[in-house]
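**Student:**
Numbering (this note's numbering), first residue to last: 39 to 169.
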């Protein structure tokens, strides 16, 4: 996937995430978790950019196993860093309820779909190169 298309799609998914952010925060009256929700959006944007770069490098590589390894690394990295972010917030802020996790899970889902979208296109590019 060309970087221009990636950036456009990233902006679309980020906009969707912000709409979801404001919807969850204001409709469910979770104003106290607004900052954590926005931090989550920025966190997933940064991860998406990092994963795109890794995937782009892997899709151009001659190593046929590198792209598969990158997919596994991105999955594990995202899970571990997400757990660190959630636990860090939980222990630092001591939220009175566990509802702080709702916006996070919404953003996690949105950006997982985005990562799946662009990595699928990168994998197709890798397959086309092999043939």
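The C-beta atom is built at its ideal place from N, Cα and C for all residues, glycine as well.
The structure presented is a predicted model; accordingly, all values stated were derived computationally and were not measured.
Using the Cβ count rule (16 or more neighbours within 10 Å means buried), how would you classify residue 160?
**Tutor:** Here residue 160 corresponds to residue number 122 of the chain shown, with the count starting at 1. Around the CB of residue 160, 16 or more other CB atoms lie within 10 Å, so the residue is classed as buried.
**Student:** Cutting at 6 Å between CB atoms, please list the residues of its own chain near residue 55, excluding the five before and the five after it.
**Tutor:** The count along the chain shown starts at 1 and reaches residue 55 at position 17. Result list for residue 55: 79, 145 and 148, in chain order.
**Student:** Give a yes or no on contact between the stretch 85-92 and the stretch 53-69, applying the rule of three or more CB pairs nearer than 8 Å.
**Tutor:** no
**Student:** Would you kindly check if the distance between the Cβ of residue 152 and the Cβ of residue 76 is under 9 Å?
**Tutor:** Working through the chain shown from its first residue, we reach residue 76 at position 38. Working through the chain shown from its first residue, we reach residue 152 at position 114. The answer is no: Cβ separation not under 9 Å.
**Student:** CB-CB under 8 Å to residue 66, same chain, minus the five flanking residues each way: which ones, in chain order?
**Tutor:** Taking the chain shown and counting its residues from 1, the one referred to as residue 66 is at position 28. So the qualifying residues of the chain are 137 and 140.
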